[in-house]
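Chemist: In the working numbering, the protein residues as written are 312 to 351. C-beta atoms are modelled at their ideal positions from N, C-alpha and C, and glycine is treated no differently.
1) For residue 316 and residue 343, what's the separation of their Cα atoms in angstroms?
2) So what does DSSP say about residue 312, is it helix, strand or coil?
3) Could you work out which residue in 337, 323, 336 is closest to residue 345 when comparing CA atoms only?
4) Quick check: the Cα distance between residue 318 and residue 336, rounded to an integer number of angstroms?
5) Among residues of its own chain, excluding the 5 on either side of residue 348, which ones have a beta-carbon nearer than 7 Å to its beta-carbon?
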(Lines of atoms letter the chains of each structure in order from A and count residues from 1; the text may use other names and numbers.)
(Lines give C-alpha, C1' and ligand atoms only; values in the text may rest on other atoms or scores of the structure.)
Protein backbone atom coordinates (compact mmCIF):
# COMPACT_ATOMS: atom_id res chain seq x y z
CA UNK A 1 0.00 0.00 0.00
CA UNK A 2 1.50 3.32 -1.09
CA UNK A 3 0.06 5.15 1.90
CA UNK A 4 1.77 2.76 4.31
CA UNK A 5 5.05 2.94 2.39
CA UNK A 6 4.91 6.71 2.46
CA UNK A 7 4.19 6.66 6.16
CA UNK A 8 7.16 4.37 6.83
CA UNK A 9 9.39 6.65 4.76
CA UNK A 10 8.15 9.60 6.80
CA UNK A 11 8.97 7.79 10.04
CA UNK A 12 12.42 6.83 8.74
CA UNK A 13 13.05 10.49 7.89
CA UNK A 14 11.68 11.60 11.25
CA UNK A 15 14.02 9.22 13.06
CA UNK A 16 17.03 10.24 11.01
CA UNK A 17 16.44 13.94 11.47
CA UNK A 18 15.37 14.07 15.10
CA UNK A 19 17.00 11.09 16.79
CA UNK A 20 19.63 13.29 18.38
CA UNK A 21 17.09 15.80 19.66
CA UNK A 22 13.95 13.85 20.56
CA UNK A 23 13.20 12.12 23.81
CA UNK A 24 13.78 8.37 23.83
CA UNK A 25 10.16 7.65 24.71
CA UNK A 26 8.90 9.62 21.70
CA UNK A 27 11.36 7.87 19.39
CA UNK A 28 10.30 4.47 20.70
CA UNK A 29 6.68 5.45 20.04
CA UNK A 30 7.42 6.21 16.39
CA UNK A 31 9.49 3.05 15.99
CA UNK A 32 6.63 0.99 17.43
CA UNK A 33 4.21 2.52 14.94
CA UNK A 34 6.62 1.90 12.08
CA UNK A 35 7.17 -1.73 13.04
CA UNK A 36 3.40 -2.22 13.34
CA UNK A 37 2.82 -0.96 9.79
CA UNK A 38 5.77 -2.90 8.38
CA UNK A 39 4.24 -6.04 9.86
CA UNK A 40 0.83 -5.46 8.26
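Modeler: With the structure as the only source:
1) Walking along the chain shown from the start, residue 316 turns up at place 5. Walking along the chain shown from the start, residue 343 turns up at place 32. Cα to Cα, the separation comes out at about 15 Å.
2) Here residue 312 refers to the residue found at position 1 when the chain shown is read from its first residue. Residue state, collapsed to three classes: coil.
3) Walking along the chain shown from the start, residue 345 turns up at place 34. Per the Cα distances, 323.
4) Sequence index remark: in the chain shown, residue 318 carries index 7 (1-based). Sequence index remark: in the chain shown, residue 336 carries index 25 (1-based). Residue 336 has its alpha-carbon roughly 20 Å from the corresponding atom of residue 318.
5) The sequence position of residue 348 within the chain shown is 37, counting from 1. The residues are 315, 318, 319.
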